[in-house]
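In numbering that gives the first Met the number 0, the protein residues as written are 0 to 116.
C-beta atoms are modelled at their ideal positions from N, C-alpha and C, and glycine is treated no differently.
These numbers come from a predicted model, not from an experiment.
Accompanying notes for the structure given below.
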Amino acid sequence: MLRIWKATINSRNGLAFAFRSEQAVREEIFALLASLPLAWLVGATAMRAVELVCSVAFVLTVELLNTAIEKLADRLTMDHDKQIGRVKDMGSAAVGVALLMAGVFWIIAIIERLGFI
């Protein structure tokens with residue numbers, strides 16, 4: 000139980016640091032909070048609403064990983080390094096893919112709610 004408690008504290012600390020230091024994380028936490036009531040309005044079923052919230056939570060998860068990569072890369076060197084730049088770009092691309100996925104899920108759910116599918 001002690002290990003679980005310590006892991007929980009570490010997770011909270013990481014989320015709090017990311018929230019304080021990264022605008023994108025703050026925006027995605029806001030989006031996650033906004034998705035909670037919106038998903039119940041948009042989702043045609045309870046399961047669809049859960050899926051919509053999870054898609055936004057997934058974007059936040061990928062953003063946290065991208066932020067960790069960027070912070071680590073900046074800790075290694077502040078000089079411009081082509082390889083580190085590519086790694087940061089890949090992390091950013093991962094966030095972009097997650098955002099596209101979430102967007103598609105929400106669009107499909109809205110179309111479904113409107114009765115077109």
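Contact set for residue i: own chain, Cβ-Cβ below 6 Å, skip 5 residues either direction
i      : result
Arg112 : Val41, Ala43
Per-residue DSSP class, three states only, for residue i
i      : result
Glu21  : coil
Gly114 : coil
Met77  : coil
Ala43  : coil
Met89  : helix
Met100 : helix
Proximal residues to residue i (C-beta, below 8 Å), its chain only, five neighbours per side dropped
i     : result
Lys81 : none
C-beta contact flag for residue i and residue j at 7 Å
i      : j      : result
Ile110 : Ile116 : yes
Leu71  : Val55  : no
Gly90  : Ile68  : yes
Glu26  : Val58  : no
Requested in this report: Count the C-beta pairs between the stretch 48 to 66 and the stretch 13 to 21 that are closer than 8 Å, then say yes if the count reaches three, no if not.
Outcome: yes
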